[in-house]
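Here the sequence shown stands for residues 1 to 140, numbered as in UniProt numbering. Beta carbons are placed, not taken as given, at the ideal position from N, Cα and C, and that holds for glycine. The structure under discussion appears below in the form of structure tokens.
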Amino acid sequence: MDGRDSRTFAERLRHLIKTVHPADRGPYSYREVEAGIRDHPGAVTAAYVQQLASGKQPNPRKHTIEALAAFFGVPVAYFFDDAVAQRVDAQLSELVDWRNTEAGELMQRLTRLSPGHREAVAAMIDHLAACERRAGRRCG
């Protein structure tokens with residue numbers, strides 16, 4: 001591979017749809033993307049998002065590209081600049097890999113707790129770590 005990334009807009013959008021989603025579920029539906037960009041000046045329908053992803057609409061408006069980039073948390077340049085796309089894709093790959101580890105799974109569960117309960121879990125972790133340091137073994 002020569003380091004070039006000549007994917008189309010549709011291919012890059014499909015990659016984001018497939019990759020960028022909450023860890024405990026699958027990809028966003030076109031309707032969810034529509035809902036997520038509804039308040040953006042580049043808002044479009046789910047059917048139009050599908051057409052963009054399929055390549056049937058190869059030339060989206062600037063505001064639509066901005067809305068999609070914001071929804072997926074990537075720079076607008078992701079859709080046009082090969083170097084940016086490669087860098088973002090590498091970061092996404094690392095995130096997905098981490099998300100699939102034990103630590104990532106624990107973090108996902110932790111984010112579903114209230115702030116107060118997260119503080120309680122952090123205190124328990126601190127207590128258990130201190131116990132292990134003192135005893136040189138696992139604490140129960």
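Asked: Residues of its chain near Leu110, where Cβ-Cβ distance is below 7 Å and the 5 sequence neighbours each way are ignored; Found: Arg118 and Val121
Asked: Residue from His40, Asp39, Glu34 and Arg112 with nearest C-alpha to Pro22; Found: Arg112
Asked: Assumed close pair Ala53, Leu13 - CB separation to whole angstroms, cut-off 8 Å; Found: 5 Å
Asked: Exposure of Ala85, with buried meaning 16 or more beta-carbon neighbours within 10 Å; Found: buried
Asked: At least 3 beta-carbon pairs within less than 8 Å: the region 66 to 78 vs the region 32 to 46; Found: yes
Asked: Own chain, CB closer than 8 Å to His63, minus 5 neighbours either side, in chain order; Found: His40, Pro41 and Gly42
Asked: Val96 vs Val74 beta-carbon contact at 8 Å; Found: no
Asked: Backbone CA spacing between Lys56 and Ala129 [nearest angstrom]; Found: 55 Å
Asked: For Arg14, the three-state DSSP class (helix, strand or coil); Found: helix
Asked: Sub-8 Å separation of Pro27 and Ile37 beta-carbons; Found: no
Asked: Where the alpha helix (DSSP H) through Gln57 begins and ends; Found: Taken as a continuous stretch (DSSP letters only), Gln57 belongs to no alpha helix (DSSP H), as it is neither H nor E.
Asked: CB contact flag (Arg31, Ala46, <8 Å); Found: yes
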